Every structure is written in C-alpha cells, then in structure tokens.
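**Student:**
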Amino acid sequence: MNYTELNFEEHIEVQLLNSGYIKVEPKLYDKSLCLIPSQLIEFIQETQPKKYQKLTEQYGDDTNNKLTKRISEQIESKGVIEVLRKGVKDRGNTFKLVYFKPKSGLNQEHQDLYKKNRFIELRQLKYSKKNENSIDMGIFINGIPVMMLELKNSLTGQNHTHGIKQWKFDRDPKEPLFKFKRNMVYFSVGNEKVFMSTRLSGSKTRFLPFNKGIDNPVNPKGHMSHYLWDDILQKDSVLDLIENFVHIRQDIEKVYDPKQQRLVEKKSDTLIFPRFHQLNVIKKIRQDILDKGTGVNYLIQHTTGSGKSLSIGWLSHMLSFLYQNPTDANRIFDTIIVVTDRRVLDKQIKNTILQLEQTKGVVNPVDGTSQQLKEFLESGKSIIITTIQKFPVISETISKLGDRKFGVIIDEVHSSQSGETSKHLRKSLSKSNLDNYQEGEGEEDLTQVDKMILDEINSRGKQPHISYFGFSGTPKNKTLELFGTPSEEGFKPFDLYSMKQSVSEGFTLDVLQNYTTYKRYFKLNKKVKEDKELPESKVKSMLVNWVDLHPHTITEKVRIILDHFVNHASNKLEGKSRGMLVTKSRLHCVKYKLEFDKQMEEMDLPYRSLVGFSGTVYDQGTHQDYTESSMNGVPETQTEESLKEPQFRILIVNNKFQTGFDEPMLHTMYVDKKFGGLQCVQTLSRLNRTMRGKTDTFVLDFVNDPQDVQESFQPFYEGTILEEEIDPNRLYSIKDDIDEYHLFNDDDIERYVDTFYKDEISTEELQGILDSVVVNWKSLDEDEQEEFRGQIYSFIRLYGYISQVITFKDIDLEKLFIFVRGLSKKLPRREGGKLSDILSSIDLEYFKIEKKFTSTIELDDGDTVIEGIGSDGSDGINEEPTDFLSHIIEILNDSFDGEFSDEDKVKFEKIKCQVHENEELRMVMTGDNSDSNKRDKFDRTFQSLVTSLVEDNLDFYKKLSENKRNKFIKDRLYEDYTKSLEIR
Numbered sequence: 001m002n003y004t005e006l007n008f009e010e011h012i013e014v015q016l017l018n019s020g021y022i023k024v025e026p027k028l029y030d031k032s033l034c035l036i037p038s039q040l041i042e043f044i045q046e047t048q049p050k051k052y053q054k055l056t057e058q059y060g061d062d063t064n065n066k067l068t069k070r071i072s073e074q075i076e077s078k079g080v081i082e083v084l085r086k087g088v089k090d091r092g093n094t095f096k097l098v099y100f101k102p103k104s105g106l107n108q109e110h111q112d113l114y115k116k117n118r119f120i121e122l123r124q125l126k127y128s129k130k131n132e133n134s135i136d137m138g139i140f141i142n143g144i145p146v147m148m149l150e151l152k153n154s155l156t157g158q159n160h161t162h163g164i165k166q167w168k169f170d171r172d173p174k175e176p177l178f179k180f181k182r183n184m185v186y187f188s189v190g191n192e193k194v195f196m197s198t199r200l201s202g203s204k205t206r207f208l209p210f211n212k213g214i215d216n217p218v219n220p221k222g223h224m225s226h227y228l229w230d231d232i233l234q235k236d237s238v239l240d241l242i243e244n245f246v247h248i249r250q251d252i253e254k255v256y257d258p259k260q261q262r263l264v265e266k267k268s269d270t271l272i273f274p275r276f277h278q279l280n281v282i283k284k285i286r287q288d289i290l291d292k293g294t295g296v297n298y299l300i301q302h303t304t305g306s307g308k309s310l311s312i313g314w315l316s317h318m319l320s321f322l323y324q325n326p327t328d329a330n331r332i333f334d335t336i337i338v339v340t341d342r343r344v345l346d347k348q349i350k351n352t353i354l355q356l357e358q359t360k361g362v363v364n365p366v367d368g369t370s371q372q373l374k375e376f377l378e379s380g381k382s383i384i385i386t387t388i389q390k391f392p393v394i395s396e397t398i399s400k401l402g403d404r405k406f407g408v409i410i411d412e413v414h415s416s417q418s419g420e421t422s423k424h425l426r427k428s429l430s431k432s433n434l435d436n437y438q439e440g441e442g443e444e445d446l447t448q449v450d451k452m453i454l455d456e457i458n459s460r461g462k463q464p465h466i467s468y469f470g471f472s473g474t475p476k477n478k479t480l481e482l483f484g485t486p487s488e489e490g491f492k493p494f495d496l497y498s499m500k501q502s503v504s505e506g507f508t509l510d511v512l513q514n515y516t517t518y519k520r521y522f523k524l525n526k527k528v529k530e531d532k533e534l535p536e537s538k539v540k541s542m543l544v545n546w547v548d549l550h551p552h553t554i555t556e557k558v559r560i561i562l563d564h565f566v567n568h569a570s571n572k573l574e575g576k577s578r579g580m581l582v583t584k585s586r587l588h589c590v591k592y593k594l595e596f597d598k599q600m601e602e603m604d605l606p607y608r609s610l611v612g613f614s615g616t617v618y619d620q621g622t623h624q625d626y627t628e629s630s631m632n633g634v635p636e637t638q639t640e641e642s643l644k645e646p647q648f649r650i651l652i653v654n655n656k657f658q659t660g661f662d663e664p665m666l667h668t669m670y671v672d673k674k675f676g677g678l679q680c681v682q683t684l685s686r687l688n689r690t691m692r693g694k695t696d697t698f699v700l701d702f703v704n705d706p707q708d709v710q711e712s713f714q715p716f717y718e719g720t721i722l723e724e725e726i727d728p729n730r731l732y733s734i735k736d737d738i739d740e741y742h743l744f745n746d747d748d749i750e751r752y753v754d755t756f757y758k759d760e761i762s763t764e765e766l767q768g769i770l771d772s773v774v775v776n777w778k779s780l781d782e783d784e785q786e787e788f789r790g791q792i793y794s795f796i797r798l799y800g801y802i803s804q805v806i807t808f809k810d811i812d813l814e815k816l817f818i819f820v821r822g823l824s825k826k827l828p829r830r831e832g833g834k835l836s837d838i839l840s841s842i843d844l845e846y847f848k849i850e851k852k853f854t855s856t857i858e859l860d861d862g863d864t865v866i867e868g869i870g871s872d873g874s875d876g877i878n879e880e881p882t883d884f885l886s887h888i889i890e891i892l893n894d895s896f897d898g899e900f901s902d903e904d905k906v907k908f909e910k911i912k913c914q915v916h917e918n919e920e921l922r923m924v925m926t927g928d929n930s931d932s933n934k935r936d937k938f939d940r941t942f943q944s945l946v947t948s949l950v951e952d953n954l955d956f957y958k959k960l961s962e963n964k965r966n967k968f969i970k971d972r973l974y975e976d977y978t979k980s981l982e983i984r
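Anchor point for the sequence shown: position 357 equals 357 in full-length UniProt numbering, and the numbering is continuous, going up by one each time.
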C-alpha cells in the first residue's frame, strides 16, 4: 500500500464530514478577500434575510461584493474573533457572522439559528496570488477561515516537526491569510503529536505543544493525534473556542531601554489559544459538575508554566454561565468567587478575567473594604475577585446565604507567606564570645495561607451549596485530603499538569539540572572555663549560626559568590542574567549586603546588589538600624523593578521574593539557608522562568544536602537526578572514546575553530568541514552511529556543566567542545531523540558570543572548588538531649572535618612565625603599595613556605594544600599579620 500524506488528509476529512462538516472545493476560496464568499452570503441570506434585503436596497446588484469586502476589511482590522463575536455593521445593519450555542433552551429561535451555522473543511487551499503553495486543510465557519492545518504522515518519513518547518520557512507571514488575528490558530499535525501557533513570524514563530501529555497515549483504533478532529474540531467545540476561550491579551511589561537609560513600558498583543491541558481541565470540570452538581471540591495540580491565570479566568467565566440542562432558567452557580494570596498574581488574574469579560459588569474586583465584599456577595454579583485576607468574610457570608450556590476558586491553595512579625530571641551561652549573638534574628514565622482556608472549611464541613476549586502546583498532604478526589490509592488531584511536563514542553527550566553544593570546614575552640550542661541540638544550631555570621565567613562566601557570578553567571543571557542569594535571616541579609558592596567596589564592578527583607534590622556590630529601602537607596516598592536595571545584578533575600517573584532574567541562585519540602521547591523555582536565550539555570548551595532537595521535589517532579560530585577528568575519557571512531582529526577541529572565530563567519566553509564528518559517520553501522552520537552529547553536556563551576584551562577541550557542538546539529536527527531535539534548539552563535566574553576573564586557581554533599550541622531533633559544651564542639568539628592534631598546631605556629619574620614581605606590606599587590606578595610568601614542607612534612603539606582549607588558613593568617602591623 502506498502511504502518502493524502491518506492522512482523507481520513481526517471523512471524520469531519461524518460529524456534519461541509466539503468545499478550493476554487471557491477568494484569495483577495480571504473568504469563501458564496458560503458567507448564503449563511447571511438564510439567517438574516430582512437585514440582507435592506442592504440590497442600497447596494443593488453589487450587494454581495460590497458586503464581503466590508467583512474582509473588518476581519483584517479587528481580528476574526472580535468580528465573529460582535458581528459587522454595514449601512445601519448589524450582521451576525456566527450563532453560538444557547446557554439554555428557552429561546427556540436562537436554537434554530445556531443549527444553521456552516462548518466547512477545505483541502489543498491555495492561498497565494504569487505562487501555487497550498495549505493541507483549512477550517472555516460560515465562509470565514478560523484554523489552518499542515498534516504529516509518519509513514512517509515525516512528522509534526516537518510541518512546523513548513509554517516557519515556506509560509510568508505577509500573505493576507496569515496576517495576525485573521486566523485563530495554525496547527502542525502528525500521526503522533500536534503543535500550534497563533502568530506566524517566519523563523521566529513559536509553536507550542497541543498534546494530552509529554507523549499522547496510544490509540488502538488509529492515530494518536485523533483527539484533534474527534474532539477539538467538532462543531460545538469550535464554537466554544471562539466564544469563550480565544482572545487577544494586551501585555504591558517594563523593560530597560539603553537609549533612554531607564525602564519603559513595552506593550504588545498576544492571540491566546488554550493549550490542551487548559481546555481539557475546563471541559472535565464542566462535565463533572453537570454529573454531580454542587458541593464537590476539586484540586487542580497545575505547576508553574501551565498558564494558571488563564485557566482560572476561563474557569470563572465558564462556571458563571453554567446551566444544568437546556431547559433551566437558573444558573448552577449564582456567584463565582476568585481568591488569591499574592499581590502580583492578584493583578495578573484580575486583568486576565477582566480581559475575558464580554458583558460589562460581570467581573467585580474587590478594591475596597470587607464591607464591599459582603455587599457584592449579598447582591449576587456574577464574578468577584478578592484576596485571602478577606476569606473569613467570604466563609461567613456564603454559609448564611444557603439559598444561593457559590463556586470558590482559590489560587495557590497551599501557599506560604511571611508573617507580619519577626522573632527577636536573644540567647546566651555562658560568658563566651557568643553572649552577644542573637539567634534567629529575622527568622519570620511562616503562616500557611491555606491554614485559614482549611480551618474555615473544616469548621463548617462540606456544604452542598458551595464548590471549592483549589489550584496548586505543589499541594500538601492536607490540601490533597481536603480538595483531592478520592481513589483506591488515596486522594488525587482532579487534574494534573506536572513539573516534568512543563520542563519537557519548554515552558519552564529544570532548576535541578546544574546543582552544586559546598561543604564547610571550621574549627571551634572552647574558651569557657566552666563546662556547662546545655541542650545539644539548640547549641549546635546556635554555634553553626554564629560561625555563619562571623565576618570571616561572610567575607569568604561573598568572595566565592562573586568569583562565580563574575566569571560564569554574569555573561549569561547576553550579559543580562541576574543572581539571587537566599539567606537564613534578616541580619544575614544586612551583613551580606554590606560585604557585597565592599567587595564589588574593590573589584570595580559596574553593578551593585539589592536586598529584600521586611521591617527594620538592628545590627549590634555596627550599632545601626537597617531597612530594605535604606540599604538599596530606592523605595521598597521599587526593589523588584530596580533589579531590571543594569546597575543591579544580585538580589539578597530572606523570605521575601522566595515566592511569587517572577523575573525571567534570574539565572543563578546562591543558597545559604537550610530549607526543605515546599519552601525548597518554591524558592528554587524562582529560577525556572523562560526567556529568549535562556537555556539553563544554576544553583550553588552552601548548606543543603542534594538528597534532601531531591526528596523535596520528588512529589511534584518526576525523574529528578542530582549528580552529587563531578570529576572534570571524565571529559578526557569521553574524548578518548570519541577519538576511537576516527571520524575527524585535529586539523578539522583547527580549521573549524579558526573559521568560527573570524569576524565574518564563512557559513559555507563551516558546513563543508562538518559535512565530511557526517559522510564518515554514515559509513558506520546503525549501533555505532548512535553510540558516537551519545558520546558527543555526553561531552557537550558535561563540558557545559563543568564550565559553569570551574575554570577549565584546556584549550584543546574548548576547541573540541565548539566543534562537536556544531557537529551535533549536522548529524541526521534520530526520530524521537529528545536529547538531540533539546541540544539542537540551542543557538550556537549565542554561545560563541558567551565564550568570547568569558575567555577574557579568569579565576584564580582554587577559588571555585566543587565539593560533594553539604550540611549545616542542624539535626532538627525535637527532643532536647543535653551534653557538655566541650563534647558539642568536638561533635561539630567531627561533622565538618576541620580538625588538626596538636603536632600540626605546632607546625602551623612555626609557619606563622616565619611569615612575621620575613623582612621582604614586611617591606612590601608597610610600603606604599596597593592592597592587591600586598595581598599578592603575602600569598606567594605563604605558598612558598607551604611548598617547603613537601619533603619533611608531607601529611601536613597535604592538609594545608587542600584548596578550601588552604584559602581559609591563608586568609586568617593574612588578617592576623595585617592586624599585628597596625598595632606596631
């Protein structure tokens, strides 16, 4: 049997014709009007004969031409959705161009008109006056185009990706039919998958997946993509999309304008067509309510990237006009209440719901007091939008209005917010130097937003006149129990859009992909004469916190962070990337901010840091009060906005901005706070927003165990694997494996790299070099081909990761990386190769700009050392076993692996004396030299003394040479030495 694309077209056509579609010949399509004029005029004559007759009295024999031209012009000007919803006026007559399905069956005339809609499919639609190009299938309603489909049959060796390429490169977006807003959607349809776009922009066209999951389920009866024509393209579904879903969203975004050197508002229009999971969940809920009525709770587990605001908007409007059956005069719900807990998202949801409003007055945001909310509820407003703080008023009022039915939509039902007050606990440990330490300074009580909701609902129990719809990407156990759907396995979400799907579909990034931890080493000495018996876990926590607040600790961590950010992170996103440091307290925020400003100024960086915390912090060290606005130099309300400006690149936070903060330029996070569970997921997810040029994220964690992080994400994200330790030398092993295939040589790499770095790249020459390798690759058998492909992908992935955390000074590996990166795009793509799809989507030219930028900046040896699992020493024990202080300190030293023997202490003291006695060093340190020259001389002197230990004290040499320990000792010795000079 000769399988061709036509077989696929014919199959879809038959299914549509069987469901009531009309087949029209391509020749009836008018390329200038972008309409099927005969079908449009016949529909108007049949449904609105009196208005049509009035128009003929003015236009005479030219009526049809005048009317179709008028309609075409209105569609081009206003867009197909607005014209279909509102009709077209011509010479005092308003013509309806479609009749939507009646909400109830009380109006028989409307029912009859609705049945006269003409659903048309047109195959091989020749749309252009310039050429004979054709679209595989066009979907029209009453002669007006609404959807265009390119169809690809996998049995011909093609799939949906080939259709996407056609839309991008073979369809001129300037053609009248393809102008923005003339069509609702452009589909690329394969046997297995469906993708869609709402705006053709040539190579920049963005296609989104329109599938039931990461992969569509197998259909025993035929094509996996059958749901498109069996469901989505069915007549009532198309009308539902036009009437209730598709709309133009007006976006306003603040961006930095380098010409004006300030933030400006950028306005744009986006045609929104629902993604499959959004459309599916609304339809599922609608059917479930029709089956079960009110009084049922629903949990919609849709993660970041799901387009939750749109889903909430569509759901609220659907619920507000839902009838039990066509003969009912009353709606199922009298009022829909949308409750949100975040100001930013509240504004987003409010704007979305208002933009979906088609009848003025349906949507009523509560911008006043609780009294306004109560009045809205009692007067029966259709849709009310309010905040979580007013939930007790909602609960109390709707419980009393038992004769009315309410649908309550709760955004982020599980969410956590910072409390209004902070803990200011002061604890002393004997009479040591810990006396002045304020434990937990700035650690705020986290109050669960859902606690208020859950308590209210639980106190009253389920009520038959109230249905709750909870949206959450990360539901807790109690949330699942209250809102979830019972099943044999337990309580499940009613609908799921997981992190895995969001990452797979490219709507969010995997924040665990590049996760690196530091392990801390420190030694504590007990200076207390009296050995007191104290609560073990609390003292351990206090000691660790004291170490973390020590000026030297802050200095070292800031140096590590800035080394990494300057040399690895700052050049991401074409030099626009931002970093965030998450700290354990507000006092940590203050101390970090002061140290960041100091070191950034010393490094002469062209940017500074911002801080984010609530209230006022008193620092006993400086005897000053600090607030967010006083430290940033801008009002607190402008902190988030200021991060978009180029003079601010790093945001230091405690609790604030760890939820509800959506900045796509945020690429790298530095974590100095122990967290787990939901807070871990919410905090790290600040990185996952996508933007053009953003292909990865990076986390550098000083305190958390990767295993704990993985366990936090596991309930919400499938298949997460954290590599706890990476050996850079693995690159050489992979390179050896690649060389074994003998597909290219060093000369090929040199010629490619030389051409690649020319001011004007010769694309032809690059192609020629790679083509010869592809020819050699094709001579391998199939298994060897895939093994080779796997090796170069492993190399690309590992090198890309390592280059973010250490300076890998091997020019040959860098050249190989550039070469195989290009080669990976040239190798014929294997079907269904997910990794190859991801890698091929990365812009090589963008990477080239990065490498040229980073190649001029180098880290000092040993400044960025990646260790394995990190821990902060806190064991979280609830009970309070006691122990002697000396033993507690001993446990801490064991935990952090930082102890020297008594013999080592003597040797260390000897080195210290040799440093102090070095006359050449003293001359440089006391002379008129820069701080950097003084430090350089000290480091070289110290290293020379350490090196002299190799022959006689090898074990001690090894201890001193370990990178982080070496740096720690060297820095402390430098501080001691400089202080001794000041005293003298």
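For every residue, glycine included, the Cβ atom is placed at its ideal position computed from N, Cα and C. Since the structure is predicted, the reported quantities are computational estimates derived from the model, not experimental observations.
With a CB to CB cut of under 8 Å and the five nearest residues on each side skipped, what residues in its chain are close to residue 309?
**Tutor:** Here the set comprises 345, 348, 349 and 352.
**Student:** Under the three-state reduction of DSSP, which class applies to residue 359: helix, strand or coil?
**Tutor:** Three-state result, residue 359: coil.
**Student:** Using CA atoms only, rank isn't needed, just tell me which of 389, 361, 486 and 388 is closest to residue 379.
**Tutor:** With distances taken between Cα atoms, residue 379 lies closest to 361.
**Student:** On the premise that residue 163 lies in contact with residue 188, defined as a C-beta separation below 8 Å, what is that separation, rounded to the nearest angstrom?
**Tutor:** With 8 Å as the limit, residue 188 and residue 163 qualify as a contact, their Cβ atoms being about 3 Å apart.
**Student:** Is the beta carbon of residue 337 closer than 8 Å to that of residue 384?
**Tutor:** Against a cut-off of 8 Å, the Cβ pair of residue 337 and residue 384 comes out as a contact.
**Student:** Given a threshold of 16 other Cβ atoms within 10 Å of its Cβ, counted over all protein chains shown, does residue 255 qualify as buried or as exposed?
**Tutor:** Exposed.
**Student:** Out of curiosity, what's the CA-to-CA distance linking residue 320 and residue 756?
**Tutor:** Taking the straight line joining both Cα atoms gives about 59 Å.
**Student:** Output the residue ranges of the alpha helix (DSSP H) runs that lie fully inside the segment 268–338 and measure 4 residues or longer, sorted by chain position.
**Tutor:** The segment 268–338 contains these whole alpha helix (DSSP H) runs: 276–292 and 308–320.
**Student:** Tell me whether residue 702 sits in a helix, a strand or coil according to DSSP, three-state version.
**Tutor:** In the structure shown, residue 702 sits in coil (DSSP, three-state: anything other than H, G, I, E or B).
**Student:** Since residue 188 is in the beta strand (DSSP E), which residue starts that stretch and which ends it?
**Tutor:** First-last of the beta strand (DSSP E) with residue 188: 185–190.
**Student:** Could you tell me whether the segment 734–754 touches the segment 765–780, where touching means 3 or more Cβ pairs closer than 8 Å?
**Tutor:** The segment 734–754 vs the segment 765–780: in contact.
**Student:** So, with DSSP's three-state summary, where would you put residue 826?
**Tutor:** The answer is helix: DSSP assigns residue 826 an H, G or I state.
**Student:** Keeping to the same chain, check which residues put their C-beta closer than 6 Å to that of residue 765; ignore five residues upstream and five downstream.
**Tutor:** Result list for residue 765: 755, in chain order.
**Student:** Rounded to whole angstroms, what's the CA-CA distance from residue 104 to residue 44? Just pull it up for me.
**Tutor:** One C-alpha to the other measures close to 24 Å.
**Student:** Ignoring anything shorter than 3 residues, give me the beta strand (DSSP E) runs that lie fully in the segment 67–120, in order along the chain.
**Tutor:** Runs of the beta strand (DSSP E) inside the segment 67–120: 88–90 and 93–95.
**Student:** Alpha carbon to alpha carbon, how far is residue 41 from residue 64? Give it in angstroms, no decimals.
**Tutor:** Roughly 7 Å separates the two Cα atoms.
**Student:** Look at the alpha carbon of residue 299 and the alpha carbon of residue 86, and state the distance between them as a whole number of angstroms.
**Tutor:** One C-alpha to the other measures close to 35 Å.
**Student:** If I'm right that residue 271 touches residue 198 with Cβ under 8 Å, what's the distance once you round it to whole angstroms?
**Tutor:** 4 Å between Cβ atoms; contact.
**Student:** So residue 581 is in the beta strand (DSSP E); what residue range does that whole segment cover?
**Tutor:** 578–583 is the span of the beta strand (DSSP E), which, as asked, contains residue 581.
**Student:** Assuming residue 672 contacts residue 591 under a Cβ cut-off of 8 Å, what Cβ separation, rounded to an integer in Å, is found between them?
**Tutor:** So it is not a contact: roughly 11 Å between Cβ atoms.
**Student:** Starting from the C-beta of residue 502, find all residues in its chain whose C-beta is less than 7 Å away, skip the five residues before and the five after it, and write them out in chain order.
**Tutor:** Same-chain partners within the cutoff: 303, 304, 305, 306 and 508.
**Student:** May I ask you to report which of helix, strand or coil DSSP gives residue 226?
**Tutor:** Residue state, collapsed to three classes: coil.
**Student:** Give me the Cβ distance between residue 473 and residue 675, rounded to the nearest whole Å; I'm assuming they're in contact under 8 Å.
**Tutor:** The pair is not a contact, with the Cβ atoms about 17 Å apart (cut-off 8 Å).
**Student:** From what residue to what residue does the alpha helix (DSSP H) around residue 496 run?
**Tutor:** Unbroken run through residue 496 is the beta strand (DSSP E), 495–497; no alpha helix (DSSP H).
**Student:** In the segment 131–157, which residue ranges form an unbroken beta strand (DSSP E) of at least 3 residues, counting only runs that do not cross its ends?
**Tutor:** Those beta strand (DSSP E) runs which fall completely within the segment 131–157 and span 3+ residues are 134–141 and 144–152.
**Student:** Quick one: what's residue 470 bridged to in DSSP?
**Tutor:** Residue 470 pairs with 299 and 410.
**Student:** Could you check which residue in 946, 938 and 54 has the C-alpha nearest to that of residue 978?
**Tutor:** Looking at the Cα atoms, 938 is the closest of the given residues.
**Student:** Shortest alpha-carbon distance to residue 797 belongs to which of 751, 812, 734 and 827?
**Tutor:** Answer by Cα proximity: 734.
**Student:** Hey, how far is the Cα of residue 486 from the Cα of residue 492?
**Tutor:** Cα to Cα, residue 486 sits roughly 6 Å from residue 492.
**Student:** What three-state label does DSSP hand residue 672 in the structure shown?
**Tutor:** Strand, per DSSP.
**Student:** Enumerate in chain order the residues of its own chain whose CB-to-CB distance from residue 682 is below 6 Å, with the five nearest sequence positions on each side excluded.
**Tutor:** Counting only Cβ-Cβ distances below 6 Å, and skipping sequence neighbours, we find 659.
**Student:** Less than 8 Å between the CB atoms is what I'm expecting for residue 39 and residue 118, so what's the real figure, rounded?
**Tutor:** That pair is a contact at about 6 Å.
**Student:** Just reading off the alpha helix (DSSP H) that residue 42 is part of, what are its end residues?
**Tutor:** Per DSSP, residue 42 belongs to the alpha helix (DSSP H) from 37–47.
**Student:** Please report the Cβ distance between residue 381 and residue 340, rounded to the nearest whole angstrom; I am assuming they are in contact, meaning their Cβ atoms lie under 8 Å.
**Tutor:** Actually they do not touch by this definition, with Cβ atoms about 17 Å apart.
**Student:** Can you tell me which of the three DSSP states residue 256 falls into?
**Tutor:** The answer is strand: DSSP assigns residue 256 an E or B state.
**Student:** For residue 48, does the count of other Cβ atoms within 10 angstroms reach 16, so buried, or fall short, so exposed?
**Tutor:** Buried, by the Cβ-count rule.
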